[in-house]
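A short write-up of the structure that comes next.
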Amino acid sequence: MRPLWLLASLLALSQALPFEQKAFWDFTLDDGLPMLNDEEASGAETTSGVPDLDSLPPTFSAMCPFGCHCHLRVVQCSDLGLKAVPKEISPDTTLLDLQNNDISELRRDDFKGLQHLYALVLVNNKISKIHEKAFSPLRKLQKLYISKNHLVEIPPNLPSSLVELRIHDNRIRKVPKGVFSGLRNMNCIEMGGNPLENSGFEPGAFDGLKLNYLRISEAKLTGIPKDLPETLNELHLDHNKIQAIELEDLLRYSKLYRLGLGHNQIRMIENGSLSFLPTLRELHLDNNKLSRVPSGLPDLKLLQEMAARPLVTFRPCQSRRSELYSCHSPPKGMAKAKVFPKCLE
1 MRPLWLLASL LALSQALPFE QKAFWDFTLD DGLPMLNDEE ASGAETTSGV
51 PDLDSLPPTF SAMCPFGCHC HLRVVQCSDL GLKAVPKEIS PDTTLLDLQN
101 NDISELRRDD FKGLQHLYAL VLVNNKISKI HEKAFSPLRK LQKLYISKNH
151 LVEIPPNLPS SLVELRIHDN RIRKVPKGVF SGLRNMNCIE MGGNPLENSG
201 FEPGAFDGLK LNYLRISEAK LTGIPKDLPE TLNELHLDHN KIQAIELEDL
251 LRYSKLYRLG LGHNQIRMIE NGSLSFLPTL RELHLDNNKL SRVPSGLPDL
301 KLLQEMAARP LVTFRPCQSR RSELYSCHSP PKGMAKAKVF PKCLE
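Below, the structure is given as structure tokens:
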């Protein structure tokens, strides 16, 4: 039997401020329930000493979909070639794993009765259509992972309880105003890998959100999107086509401590732009077209880590500061340079 996903216990995401991305999966369930952990994104090592589900005694339930594995309140139905969401899912299910199937549509009653569901995993299916009321029963849903599907729009009527939305690697071209309306608990959105251009963000698209973490990497951005949430601690815009950072681009993001702008086409950072980021600790500018480090860099008193190669000139030299280690591994091949441990010329 193929080993099931490992289980682990971490602090609830709602208590983890600012948000830290530790892996592609970051499931955390209430009251001691399990967390799924995937090694895909971060390269972080799997927590040691965690038992395999196969090694645990089975929980006999009157309701477990055919071919799935059910333990406690976790229902795992991945890699089964399913064409639709299975029936006979126990109403006390807290985590439902449907990744790596062939599901193409989420219908109105697919999640009927699952009022206790906390995490829903739909990664790597063929979903292109979602009924406007498909998520209505999920009043306690906090984590929705629906990446690597065929979606052309952000699902409507997302549960107001949602904390984390991962919708990267779809076909989304537009983020309309109001799509996140009422999502006051939302903390993290991962929407990279979609063909999003700057014009695809309607004014007010992020109104009302209090995000700590936003990633729009591997899209088609030519500049930093306007009117992102002021609450952001982490903003990742790597692997786009951003050409310049202008004075007003970072004006509203005074709470940022990690900014990712690597692998763009940035030639110019306007003087004073970085002065709006007094709490910035980590800056990624690697693989751009800059000829020198911005003159305002020494003014970032808390900056502890920087990836900024290739650069012709790196002149500021100050005393070595305590190091900040990223909670996830940098992209393969990234050249990292600690800020100010020595002068580079």
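The letter at position 83 of the sequence shown is residue 83 when you use full-length UniProt numbering, and the numbering goes up by one with no holes. Where is the CB? At the ideal position from N, CA and C, for every residue including glycine.
Cβ-Cβ separation, residue j to residue i (assumed contact under 8 Å), whole Å
i           : j           : result
residue 143 : residue 105 : 21 Å between Cβ atoms; not a contact.
residue 256 : residue 235 : 6 Å
residue 194 : residue 171 : 7 Å
residue 160 : residue 182 : 5 Å
residue 294 : residue 274 : 6 Å
residue 250 : residue 277 : 6 Å
Length of the line joining the Cα atoms of residue i and residue j
i           : j           : result
residue 122 : residue 107 : 14 Å
residue 288 : residue 261 : 8 Å
residue 109 : residue 84  : 11 Å
residue 204 : residue 154 : 15 Å
residue 217 : residue 243 : 15 Å
residue 248 : residue 180 : 25 Å
residue 221 : residue 93  : 39 Å
residue 320 : residue 300 : Only weak support exists for where residue 320 lies, its pLDDT of 34 falling under 50; the coordinates are left without a value.
residue 266 : residue 241 : 8 Å
residue 254 : residue 186 : 20 Å
residue 282 : residue 148 : 29 Å
residue 269 : residue 238 : 16 Å
residue 127 : residue 101 : 10 Å
residue 86  : residue 152 : 24 Å
residue 290 : residue 162 : 39 Å
residue 223 : residue 258 : 18 Å
residue 245 : residue 252 : 14 Å
residue 30  : residue 97  : At residue 30 the pLDDT is 38, less than 50, meaning the model places this residue with poor confidence; the figure from the coordinates comes in the next sentence. If I take the Cα positions, the gap works out to 17 Å.
residue 174 : residue 219 : 12 Å
residue 272 : residue 141 : 42 Å
residue 134 : residue 292 : 51 Å
residue 81  : residue 132 : 25 Å
residue 286 : residue 89  : 47 Å
residue 42  : residue 284 : Because the pLDDT at residue 42 is just 30, under 50, the model does not fix this residue reliably, and the point stays unresolved.
residue 71  : residue 198 : 44 Å
Outcome for residue i when other beta-carbon atoms lying within 10 angstroms are tallied against a minimum of 16
i           : result
residue 177 : exposed
residue 125 : buried
residue 91  : exposed
residue 233 : buried
residue 359 : Nothing about residue 359 can be read from this structure; the chain reaches only from 1 to 345.
residue 166 : buried
residue 184 : exposed
residue 150 : exposed
Selected residue, minimal CA-CA separation from residue i, among the options
i           : options               : result
residue 190 : 212, 199 and 83       : 212
residue 164 : 195, 202, 170 and 120 : 120
residue 103 : 79, 139 and 294       : 79
residue 226 : 215, 232, 233 and 201 : 201
residue 95  : 67, 66, 81 and 145    : 145
residue 206 : 219, 231, 150 and 223 : 231
residue 139 : 167, 114, 229 and 273 : 114
residue 117 : 75, 272, 132 and 99   : 75
residue 215 : 132, 168, 199 and 198 : 168
residue 99  : 89, 77 and 63         : 77
residue 112 : 88, 82, 137 and 131   : 137
residue 229 : 197, 65, 188 and 66   : 188
Residue range of the beta strand (DSSP E) that includes residue i
i           : result
residue 114 : Taken as a continuous stretch (DSSP letters only), residue 114 belongs to no beta strand (DSSP E), as it is neither H nor E.
residue 189 : 188 to 190
residue 97  : 95 to 97
residue 235 : 234 to 236
residue 70  : 69 to 71
residue 379 : For the chain, the structure presents residues 1 to 345; residue 379 sits outside this window and is missing.
residue 143 : 143 to 145
residue 166 : 164 to 166
residue 76  : 74 to 76
residue 119 : 119 to 121
residue 213 : 213 to 215
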